[in-house]
Structure formats: C-alpha cells, structure tokens
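In my numbering, the protein residues as written are 40 to 317.
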C-alpha cells in the first residue's frame, strides 16, 4: 500500500493530465462567451448594411419604413437579440464585453423603434412596466427588454447601470445610439473587440467635429451637444473638462477655434427620429 504522502506514479500522471484542463476551463468559458458576442455582431452587420443610410450632411439615418416592410429582416433582428440573452458578458474580456453591450443596446433600440414605427421621435414611445417613473413617459428607456445572465435589463440598465460604471470611458456615449438626430451616428458595422479602440476614437472624432457635437456661433460663443451637459461627470466633471475632451478630438480648425476657452455658452440636442424617410 502506498503512503498518502507519496502518491503512485499513476495518480501523479492523472493529476498532471487534469491540471491543463482546469487551467483551460476559464479561457474556454471566455472563448464561448466571446463567440456569443460575435454572433450578435455578425447578425447586425448585414442589417446595418441594408438599412443604415449615410447622409450627405454627415448624419446616419435608418430606413425604418423599409425595414418594417421586410419580415425576414425583422425576424433576424429579433433572433439576434434572443440569442444575445444567452451570452455571458461576465466571462468576456473588457473589449469583448464593451462591444457586446453596445451592440445589444443598439439592437434593442432599433427593435423598439421598429415595433412602434411610425413615430416622430423615440421620446414618443413610453416605457412599459415602470410605474410612476416620470422618465417612463418620455421614452422607452425604462422598459425591461432582455434578460442577460439572469437579470432583466432596460436600455437605461445597460447604459447607466452597466456600461458607464463598468468601463468608466466617456466614449460609451459615442458607442450607443438612441435613434435621434442629435445622437452620435450608428456606425456602419457592429462593434468588434479587435477593432474597438480605433473605432471608438473614430466615432469620437466624427461627433466632436460635426455641428451636432460642437458649434461656434457667429459671436464666437461655444455651443455643444447636450450629451456633454447631461453627462458632464463623464467628461472631466466641469466645463473645462468637457472642453479638454473636445480639444483632444478636434480637427485642427476646431482646435484653433477652441483655443484656451474654458466656458460653454449653451447646449442643444435634436430628438427628431433618425428616419431616412423623414
């Protein structure tokens, strides 16, 4: 009989054989989780290619009317959202989780608008099941739309409960699209972890250098998107912090115009639906 302090060669070989499997368990979970995120992105890409319309004014719009008349495309979007509910973003790396949540938010927003279309603004769609929450009267952001890892989630839950606190990255605001003209553009392709950093930087530059992001009035006063007012805490916590953020992404003409100013005169936002046929 072998002493417990000296395991047999057979037991040692068995232990060595199991060790790599234990070490691989977590990476395999991460790979499976990331594949779920890729499936969502893969489902969104052809839909965006068909129904996203790039305007000459630099604003991307959606052909909601055409999409609502395409039952197969509607079904593909619903199937993609349903499949995403089985994902495990907690097992993903940061880039994969960011891309997953942003894609899910954008897919859900598209579905909400398509289900209610025609509407003049997403704010015309009330939240369901939100009780006497005042914000529920002016938009769908409180409706519980999807279940992920056992939690029922609304659009607000995804953006403000998960993405903003988890990633602490102001570029979250360039990644999620609320179906309004005033919002940063819905990108032509879904977010992907392998290109996330470059794509977010591009999205930030596009918005900051568009009049929706920053406008210098004839009198020289600075008007910015209301996003920088509503979420000032994400952009440095002050007007000076917001301007520093804008300066980081400003093209040379705008950077020169911003100069060393530290005050913002006003903020604006256009809630009209980003409808290609409006």
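Using N, Cα and C, we set each Cβ at its ideal position, and we do this for glycine too.
Query: For residue 306, the residue or residues it bridges with in DSSP; Result: 263
Query: Supposed contact pair residue 101 and residue 149 - C-beta distance, whole angstroms, cut 8 Å; Result: 7 Å
Query: Alpha carbon of residue 118 to alpha carbon of residue 104, nearest angstrom; Result: 20 Å
Query: Stretch pair the region 299 to 317 + the region 265 to 273: three plus CB contacts closer than 8 Å; Result: yes
Query: Three-pair Cβ contact test at 8 Å for the region 171 to 191 versus the region 247 to 262; Result: no
Query: Cβ neighbours of residue 169 in the same chain (closer than 6 Å, five flanking residues each side left out); Result: 175, 181
Query: Within 8 Å, strictly: CB atoms of residue 278 and residue 311; Result: no
Query: Span of the alpha helix (DSSP H) around residue 143; Result: 133 to 155
Query: C-alpha gap between residue 212 and residue 223, whole angstroms; Result: 8 Å
Query: Sub-8 Å separation of residue 228 and residue 113 beta-carbons; Result: no
Query: Residue 274 vs residue 209 beta-carbon contact at 8 Å; Result: yes
Query: Pairwise C-alpha distance: residue 243 and residue 97; Result: 14 Å
Query: Counted within 10 angstroms of its Cβ, other Cβ atoms place residue 225 as buried (16 or more) or exposed; Result: buried
Query: Counterpart residues of residue 314 in DSSP-defined beta bridges; Result: 101
Query: Contact under 8 Å by Cβ, residue 287 with residue 297; Result: no
Query: For residue 215 and residue 122, believed in contact at Cβ under 8 Å, the rounded distance; Result: Not confirmed; about 20 Å, so no contact.
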